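Everything on this sheet refers to the single structure shown next.
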Amino acid sequence: MKKHLTGKRLLQALLLSALLVCCMGTTAFAAQYPDVTAKHWAKPYIDRWSDSGILKGYPDGKFHPDDPVTRGQLSAILYSILGVEPIAGYSYPDLPKTAWCYDAVTAMNYYRVTLNTDLNIQPDQPLSREEAIYMIASGFRRADLSRDRMRCSGKAPSDYAQVSDPFTEAVSTMLRLGHVRGSADGRLMPKDIVTRAQVITIINSMFDLYVTQPGTYHLTCGQNALVTCPNVTILLDSAAPGKSSNVYLSAKADKNVVIANDGGTEPAHVSFFATQKGENAWTLRGNVREDMVRTRTLSQSQSFDGRYAAGFGFKSHPYLITTADQFALLAQRTDTLDRSVYFKLAADLALPDGMAPLSSADGAFPQTNLDGGGHSVAYRIQSRSYSGAGGGLFYGWNGPCENLTVKGAMDLTLSEKAVQVGSGKLYFGGFAAYLDRELTNCTADMDICVRYEGGSNVDLNVGGLAGFTQAAQLTGCTAAGTVKAVLPKGVGDAHVGGLVGGAAAVPFASIVPQGSMTGCGSTGTVAAEGGYQTAVGGVAGLVTYLGSSAPTGTLKNDGILNCWSTARLSAVNAGFQSDCGGIVGQLNYGTLSGCWAKPVIALSGPEFSNAGGIAGACYEGGNVSDCWANAAELPSGGGVRAGGIVGRLRGGAVAKCFALGSGPVGSENAIAFAGANSGTVSASADLSGLSSAQRAAFLASCGWDFSDTWAQTGGLPLLKNMDSARQQAAQK
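Numbered according to mature numbering (1 follows the signal peptide of the UniProt record, and there is no 0), the sequence shown spans residues -30 to -1, 1 to 702.
Take a look at the structure:
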């Protein structure tokens, strides 16, 4: 068995490039550093790393433990140990290609181990403690970079709130794992400059075993190992309940790494954090259980920049897209980066037929920030036997998108294979079939028609921007054009919306993020034909919680706020029920407030037809408040249950709302259809049926919020924070 390098020799690899090149000192043992006395807090760690004689001091014979560490120095440390290759095609004004740390800095920047957001890379800039922690955590895949932020457990440092937003995940993770600790007085001091001693201490805490040569090594369960070569066997000496080992592999540990627990009766738990070029290099032997795997796959293309018109992929200098081929590269990316990459359209684009939908059918997509720059992307999808369970510009989208217009047409007839692929769940949207992130100031100007002619019960969701949203946030988005779903009569359900077909959110407030639609509007045409039960809305077809049974606890669901609609809505020939609403077709366990609508609604065919100026139907847990609707063009008679604000109100609530033009539905139905109202209505009225004096008396006593929500203009109330001229036109 080969003798392995312990923590005392790990710095030979970790600090060789940075300290040899930068300091050019002579070999010195820890005891020879006159500035590292027995009283220095980091002396045990400096001693460990100096024992091999590789750790270099400065020419004056000192270690200078309190000297700062620069971005270039820490990049070189991580570049060496991760075993990545140089990245071509990058240039920086302040980093010549002849610089000693050029390869290291460009590679770490490419893989987002550094968090640079500008053209200048600043290799000589001393790092703050929070950025150094971020770089180390990111380098070894321990930054826990997810949208749902993890907060540090236990007692956080007293100044934890000072940690900058980009570093929060990494710092909280390293605190939780015990690799970072506060000072004696309980402070983290995230903005302070990190020192050589502090960097050594963080790295020292991460690895109990460091392997640089092939062979067999022992590791106690619960300890951590770093492997930088192939042909290695690690024997786990024991397994203990609640303890898990972490094995870190560099790109050079590319084959034949065996983790073994040959005789243990209890399973040994191991997590892997790897930088690799291809398939996983490790195998398990004996009673070993794999807990977590996080990998960084090295890019096969080392000229990522050159494929775009310009840019560096940072927020301040995004990759610029000027052609359809460049836009298609969004779907060809592999998730090699820890952080989102930024893209921006610099021209209107027309995609050739067959290019959309982009991204994989399972919705897999790396984190991406896309700024449409006020431009449009036009595409066309047409098929009489479409076999996908979803469609749109993208199947799925992971990351914020803003300032983009999608144009074109989607004309699809679904095959039975589409139903099988989606297990009956079918999603189609102008921007994405499925969305769980943010869309801001995006516009749908599409002609969309999705048909299913088979006999299986399906759940068809069609929207101008998204077929289905799961806890997504839409802000300032608008819809025009046409959105339509067609099913055989009595077969399946359809949810159709000007912006979103179906919208759901996690029902419990303790789970974030929650979905929302804020400041969105619709002027297009939304329709459903056939089906068993349909929901059609100017903004969203169906809004509900996630799950099949009523939730308990505090609800904080999709919030629809300050939305508006003048859309034309229709639902015909359904087998059982149709719900049509100016904003939402059917509302369940959600909130809708500060909205207005003047819809044109046509309903015919089903046994139960519900139409409302704001919501066609509002069920238990649904709350509509501070809204108004012009009901002048709602249907009446023919069995339609129409209400000025809500058609069918069953267990839900309507408060602080008013209706206009209630003549077609009757004054008794001005707020909700009286014959199907088992909910609660309060502080609401048909203002068009009141005299000026009656209206003034009502507004004086209704308890509405005229400070922040409503505005009195001498005429009818208007909602604040929304377009006054548009509202006044719709009130006529």
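From the three backbone atoms N, C-alpha and C, an ideal C-beta is built for every residue, glycine too. Keep in mind it's a predicted model, so treat the numbers as computed, not measured.
Determine which residues share a DSSP beta bridge with residue i and list them.
i: residue 461; result: Paired residues: none, contrary to the question.
i: residue 38; result: 165
i: residue 634; result: Its beta-bridge partners do not exist; DSSP assigns none.
i: residue 652; result: 625
i: residue 445; result: 410, 488
i: residue 345; result: 374
i: residue 681; result: 688
i: residue 416; result: 378, 451
i: residue 470; result: 436, 510
i: residue 496; result: 453, 539
i: residue 367; result: 405
i: residue 267; result: 246
i: residue 574; result: 542
Please name the residue in the options whose C-alpha comes closest to that of residue i.
i: residue 580; options: 132, 554, 566, 203; result: 554
i: residue 640; options: 169, 232, 405, 615; result: 615
i: residue 85; options: 57, 41, 418, 188; result: 41
i: residue 64; options: 48, 35, 47, 95; result: 95
i: residue 30; options: 9, 39, 48, 3; result: 3
i: residue 359; options: 350, 268, 404; result: 404
i: residue 244; options: 344, 111, 397; result: 111
i: residue 229; options: 208, 246, 221; result: 208
i: residue 237; options: 377, 213, 221; result: 213
i: residue 510; options: 655, 491, 60; result: 491
i: residue 396; options: 408, 382, 618; result: 382
i: residue 594; options: 226, 619, 608, 572; result: 619
i: residue 168; options: 354, 99, 93, 251; result: 99
i: residue 603; options: 569, 577, 513, 628; result: 569
i: residue 370; options: 311, 642, 670; result: 311
i: residue 53; options: 384, 221, 459, 571; result: 221
i: residue 586; options: 608, 506, 546, 658; result: 506
i: residue 646; options: 588, 677, 663; result: 588
i: residue 591; options: 649, 634, 574, 635; result: 649
Indicate the three-state DSSP secondary structure (helix, strand or coil) for residue i in the structure shown.
i: residue 351; result: strand
i: residue 225; result: coil
i: residue 314; result: strand
i: residue 173; result: helix
i: residue 190; result: coil
i: residue 150; result: coil
i: residue 719; result: In the structure as shown, the chain begins at -30 and stops at 702. Residue 719 is therefore absent and cannot be evaluated.
i: residue 508; result: coil
i: residue 262; result: strand
i: residue 502; result: strand
i: residue 307; result: For residue 307, the predicted model reports a pLDDT of 47, less than 50, meaning its position is unreliable and no value from the coordinates is stated.
i: residue 333; result: The predicted position of residue 333 is uncertain, since its pLDDT is 49 and thus under 50; no value can be drawn from it.
i: residue 219; result: strand
Determine the burial state of residue i: buried for a count of at least 16 other Cβ atoms within 10 Å of its Cβ, exposed for fewer.
i: residue 263; result: exposed
i: residue 79; result: buried
i: residue 201; result: exposed
i: residue 480; result: With a pLDDT of only 43 at residue 480, under the threshold of 50, the placement of this residue in the model should not be trusted; the figure read from the coordinates follows. It is exposed - the Cβ of residue 480 has fewer than 16 other Cβ atoms within 10 Å.
i: residue 314; result: buried
i: residue 11; result: exposed
i: residue 288; result: buried
i: residue 549; result: buried
i: residue 529; result: buried
i: residue 689; result: buried
i: residue 725; result: Lying outside -30 to 702, the shown extent of the chain, residue 725 is not represented and no answer is given.
i: residue 694; result: exposed
i: residue 535; result: buried
i: residue 682; result: exposed
i: residue 143; result: buried
i: residue 137; result: buried
In chain order, what residues of the same chain have a beta carbon less than 7 Å from the beta carbon of residue i, not counting five sequence neighbours either side?
i: residue 45; result: 71, 74, 75, 78, 84
i: residue 277; result: 296, 299
Here's a check: name, in chain order, each residue in its chain whose Cβ is nearer than 6 Å to the Cβ of residue i, leaving out the five neighbours to either side.
i: residue 698; result: none
i: residue 685; result: none
i: residue 464; result: 430, 455, 457, 498, 501, 504
i: residue 653; result: 625, 626, 672, 673
Excluding the five sequence neighbours on either side, which residues of its own chain have a C-beta within less than 8 Å of the C-beta of residue i, listed in chain order?
i: residue 402; result: 362, 363, 364, 365, 366, 367, 435, 436, 437
i: residue 234; result: 206, 208, 209, 256, 257
i: residue 97; result: 38, 39, 40, 41, 44, 105, 163, 164
i: residue 298; result: 321, 325, 328
i: residue 248; result: 224, 267
For a cutoff of 8 Å on Cβ pairs, would you count residue i as touching chain D?
i: residue 204; result: Reference to chain D is not applicable here, since this structure consists of a single protein chain.
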